[in-house]
Amino acid sequence: MRMLPFAVAATLAGLLAAVPPAARAAERCSLPDGWADVVRRDPRYVVFGEIHGTRQSPAFIGNLACALAARGERVLVAVELGSPYDAAFQAAWRLPPTRFPAALLKDGWAGRNDGIGSVAMRDMLVRLHALKSAGRPIALVAFNGARNAAQQAKFADQPGQGPHEAAQAENIRNAAVAGRYDRVLVLAGNLHARKQPIERGAVIFRPMAMQLAPASEVVSLNMASAGGSTWTCELRAGVKFEPGKPIPKDAIECAGHPVRSDAVIERTPFVTLQSLPGTQRDPAYDGSFWLGAVSASPPALPER
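Letter by letter, the sequence shown follows residues -1 to 302 in my numbering.
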């Protein structure tokens, strides 16, 4: 029998002890201010474009999914974990709460220092699984990247990053079609959430949100915060390297890094389809989701 490393085992033991009963978890969730404006547009998909690596962004999505499910809405939560691991995640999703955390982390999390495979992401999924186990209509899909060679080849004719974006969109869409969901909540990096083409040099490609469904079926919200920190991988200060050559691994630092404030707002988290006070709305998104001050969330499985 293969033993888990002590640090991982300790993490899982602490997590299991901290998982609240689903009933108590449900009592702590409520719809954010402004959600009614999103509902009036009746989108099939609501895409939340985040800066990866905060505690607050996954918590916001988890709270929203919890609140919707508590009202009887059938919710699919799409997360930017690797699509090749989705079958393993689905198998874990069917397990009882006592076995889910270890099964969740078995595949697709190791080495994820980019802010996606974070403690906050893990905690959100553990909470939603507890709610699902208590009867709430919540499902999960991991959508990032091509799930196999056939899907990769299918979109190979798109320019630039287009094939990756198209695969993301198809993975979400296929999961949505497979179930009878009232709402699909997508948590993705804010580049993927844009509803306008992205130009990089001479290459123009369409982000995931543009390839997901007709624009009228998608509401895309860009993350906004009062600043703080986020877990990202960035060039170390003062590092120099030769243009055109691979960046050395030791030149990259994955850690909590400062993130600037987007606006000065004294409110609890909310969503809006209007511009934030003192700002101009980015036309690539339909609105924003406000998190307040943010703090970095480290990897759920740190590199050893």
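We put the CB at the ideal spot given by N, CA and C, even for glycine.
Cβ-based neighbour list, residue i, same chain, cut-off 8 Å, excluding 5 preceding and 5 following
i      : result
Ile170 : Tyr43, Ala76, Val139, Phe141, Val182, Val184, Met206 and Leu210
Val117 : Arg53, Ser295, Pro296, Pro297 and Ala298
Gly276 : Ala261 and Val262
Arg120 : Leu13, Pro99, Leu102, Leu103, Trp107 and Ala298
Ala89  : Ala101
Gly70  : Pro135
Trp91  : Phe98, His127, Lys130, Ala137 and Leu138
Glu251 : Cys231, Glu232, Leu233 and Arg234
Ile245 : Leu233 and Phe239
Whole-number beta carbon distance between residue j and residue i, since they are thought to touch under 8 Å
i      : j      : result
Cys27  : Ala68  : 6 Å
Gly285 : Thr270 : 5 Å
Ser55  : Met221 : 6 Å
Trp229 : Gly109 : No, Trp229 and Gly109 are not in contact; Cβ-Cβ is about 14 Å, not under 8 Å.
Asn111 : Glu301 : 6 Å
Ala186 : Val45  : 6 Å
Gly177 : Ala137 : 6 Å
Cβ-Cβ distance between residue i and residue j below 8 Å
i      : j      : result
Asn188 : Gly47  : yes
Arg204 : Glu163 : yes
Pro157 : Gln150 : no
Ala249 : Arg234 : yes
Gly113 : Leu79  : no
Phe73  : Pro135 : Just to set this straight, residue 73 is Val in the shown sequence, not Phe. Going by C-beta atoms, Val73 is nearer than 8 Å to Pro135.
Phe287 : Leu219 : yes
Pro99  : Ser131 : no
Leu274 : Phe58  : no
Pro41  : Glu215 : yes
Val217 : Arg38  : no
Spatial neighbours of residue i in its chain, beta-carbon cut-off 7 Å, leaving aside the 5 residues before and after
i      : result
Ala282 : Arg192, Lys193 and Gln194
Asp35  : Leu271
Pro256 : Ser227
Leu308 : With the chain covering only -1 through 302, there is no way to say anything about residue 308.
Val237 : Ala249
Leu66  : Val73 and Arg181
Trp33  : Val269
Ala154 : Pro161
Gln159 : Phe203
Val201 : Pro157 and Gly158
Sequence-distant residues of its chain with Cβ nearer than 6 Å to residue i (five each side left out)
i      : result
Val6   : Note that Val6 scores a pLDDT of 47, beneath 50, so its modelled location is shaky; the value from the coordinates is reported in the next line. Same-chain partners within the cutoff: there are none.
Ser259 : Ala224 and Gly225
Gly106 : Leu79, Gly80 and Tyr83
Ala144 : Gln150 and Ala165
Ser293 : Arg53, Gly226 and Ser227
Met122 : Pro56 and Gly60
Ala291 : Ala224 and Gly226
Lys152 : none
Tyr179 : Arg72 and Leu74
Gly254 : Ser227, Trp229 and Ala294
Leu62  : none
Ala148 : none
Sheet register partners of residue i (DSSP bridge)
i      : result
Asn220 : Gly47 and Ser286
Leu138 : Val75
Thr270 : Ser286
Trp229 : Gly254
Val184 : Val45 and Ala76
Ile196 : Phe203
Pro300 : Answer by DSSP bridge pairing: none, since Pro300 is not bridged.
Ala144 : In the DSSP output, where bridge partners are listed per residue, Ala144 has none listed.
Ala294 : Thr52
Legend entry - Those runs of the alpha helix (DSSP H) which lie wholly inside the region 21 to 52 and span at least 4 residues: 33 to 39
Inset, instruction - Identify every run of the alpha helix (DSSP H) within the region 53 to 137, keeping only runs that are complete inside it and at least 4 residues long; order them along the chain. - result: 54 to 68, 84 to 91, 98 to 102 and 117 to 131
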